[in-house]
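Comments concern the structure below.
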Amino acid sequence: MNSLLLNNQVAIPVIGYGTWQIADGREAYESVRYALETGYRHIDTAAAYRNEISVGKAIHDSGIARSEIFLTTKLHNDDHGYEETRKAFLASLSDLGTEYVDLYLIHWPNPIASRENWKEANSGSWKAMEEFYEQGLVRAIGISNFCERHIDALLETAGITPMVNQIRLFAGEQQSSLVAYCHSLGMVTEAYSPLGTGALLTSPLIQEIASEVKRSAAQVCLRYNLQKGHVILPKSVTPSSIKQNLELFDFTLNENQMKSLDEMPNICGPTRNPDEAPF
Ligand code: A2P
Numbered sequence: 644m645n646s647l648l649l650n651n652q653v654a655i656p657v658i659g660y661g662t663w664q665i666a667d668g669r670e671a672y673e674s675v676r677y678a679l680e681t682g683y684r685h686i687d688t689a690a691a692y693r694n695e696i697s698v699g700k701a702i703h704d705s706g707i708a709r710s711e712i713f714l715t716t717k718l719h720n721d722d723h724g725y726e727e728t729r730k731a732f733l734a735s736l737s738d739l740g741t742e743y744v745d746l747y748l749i750h751w752p753n754p755i756a757s758r759e760n761w762k763e764a765n766s767g768s769w770k771a772m773e774e775f776y777e778q779g780l781v782r783a784i785g786i787s788n789f790c791e792r793h794i795d796a797l798l799e800t801a802g803i804t805p806m807v808n809q810i811r812l813f814a815g816e817q818q819s820s821l822v823a824y825c826h827s828l829g830m831v832t833e834a835y836s837p838l839g840t841g842a843l844l845t846s847p848l849i850q851e852i853a854s855e856v857k858r859s860a861a862q863v864c865l866r867y868n869l870q871k872g873h874v875i876l877p878k879s880v881t882p883s884s885i886k887q888n889l890e891l892f893d894f895t896l897n898e899n900q901m902k903s904l905d906e907m908p909n910i911c912g913p914t915r916n917p918d919e920a921p922f
């Protein structure tokens, strides 16, 4: 699996299996088992997805060495602050049935539960996460859904610059200034909803490019984000799609195709302002 290096030299596979909206229990268990069998070595979950137990069990039962799998989970919005983060992280480790995670992220910068004091809450969470990192309980730490202002506030007290920012990225939504800012700070950008939660698959432009390169619309969307330099986290519970979403390294999009995707309007609705998120 192709990888990028985080700024601490930890390798992150560029395709991760996204588990948002995959129900806990049989659905999560079977789809993660299938993803691992098919060749994924990067699984992305979160406390908020409520599927960590099934994801962890699927990893365990796969028989693949834990060290071969890059596993990400995220701090729940209700658990910001130093003590809360310590507790929440240990609960995630226990639910996942693992002794460490590869990447731990603050899921949202400004949740309702800490909206009055989000800067202090993030600073406390980050301190706890830096300690996990120093103790070897996480191999990397990062953020998700952070805009420039949230990053700047965090950096006022952080000892370690986040290694990753996971944000909403797809053809039509490239958040270019935020991505450039993250890259200037040495962060890897991860794309969630790289298929626009499926809405991009019927786009005539994407379908036209798909027929030019003789691949599916989903593969065009994913290849586009890879060529933009992002790690991608496609979600699917359909075996043929799970497999297809890994088959991205035997074709490329040319300059014209990239340019037309760069110029595509956002047909999936604007990215949520984290400061107004209703959770
Ligand atoms: P399903 O889960 O039913 O297989 P995103 O990753 O942007 O959140 O998009 C996820 C959506 O795209 C899901 O509805 C998923 O359907 C669908 N999807 C994922 N991969 C493919 C694919 N290769 N072909 C068609 N649909 C796909």
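Note that the numbering used here has the sequence shown beginning at 644, numbered continuously upward. Even for Gly, the Cβ is constructed at its ideal location relative to N, Cα and C.
query	result
Neighbourhood of leucine 896 by C-beta, 8 angstroms cutoff - its chain only, sequence neighbours within 5 removed	Ile852, Val856, Val863, Arg866, Tyr867, Gln870, Leu904
Under the three-state DSSP convention, the category phenylalanine 813 falls into	strand
Chain-ordered residues, beta carbon under 6 angstroms from a heavy atom of the ligand A2P	Gly661, Ser836, Pro837, Leu838, Gly839, Thr840, Gly841, Leu844, Ser859, Ala861, Pro877, Lys878, Ser879, Val880, Thr881, Ser884, Gln887, Asn888
Which listed residue (Phe892, Asp745, Trp761) has its alpha carbon closest to that of glutamate 777	Asp745
Sequence-distant residues of its chain with Cβ nearer than 8 angstroms to glutamate 711 (five each side left out)	Arg684
Proximity below 8 angstroms, CB of tryptophan 751 to CB of serine 787	yes
Beta-carbon proximity of isoleucine 665 to serine 674, cut-off 8 angstroms	yes
For cysteine 790 and leucine 821, believed in contact at Cβ under 8 angstroms, the rounded distance	6 angstroms
Valine 781 beta carbon less than 8 angstroms from that of glutamate 833	no
The region 797-809 / the region 760-774 touching (three or more Cβ pairs under 8 angstroms)	yes
Closest Cα partner of leucine 739 within the set Pro656, Gly724, His703, Tyr677	His703
C-beta atoms of leucine 838 and proline 882 nearer than 8 angstroms	no
CB-CB length for leucine 714 against threonine 728, believed under 8 angstroms	Going by Cβ atoms, the distance from leucine 714 to threonine 728 rounds to 18 angstroms, so no, they are not a contact pair.
Span of the alpha helix (DSSP H) around tyrosine 867	860-870
Which of helix, strand or coil DSSP assigns to asparagine 899	helix
Contiguous beta strand (DSSP E) assignments of at least 3 residues, all confined to the region 825-862	831-835
Cβ neighbour criterion (16 or more within 10 Å) applied to asparagine 694	buried
Threonine 681 to glutamate 759 span [Cα, whole Å]	45 angstroms
Contact belief for serine 735 with threonine 716 at Cβ below 8 angstroms, rounded distance in angstroms	5 angstroms
Start and end residues, alpha helix (DSSP H) containing alanine 708	No alpha helix (DSSP H) contains alanine 708, which DSSP labels as neither H nor E.
Continuous alpha helix (DSSP H) stretch holding proline 882: start and end	882-887
Check whether cysteine 743 and glycine 785 have beta carbons under 8 angstroms apart	Note that residue 743 corresponds to tyrosine in the displayed sequence, not to cysteine. Not closer than 8 angstroms, so no.
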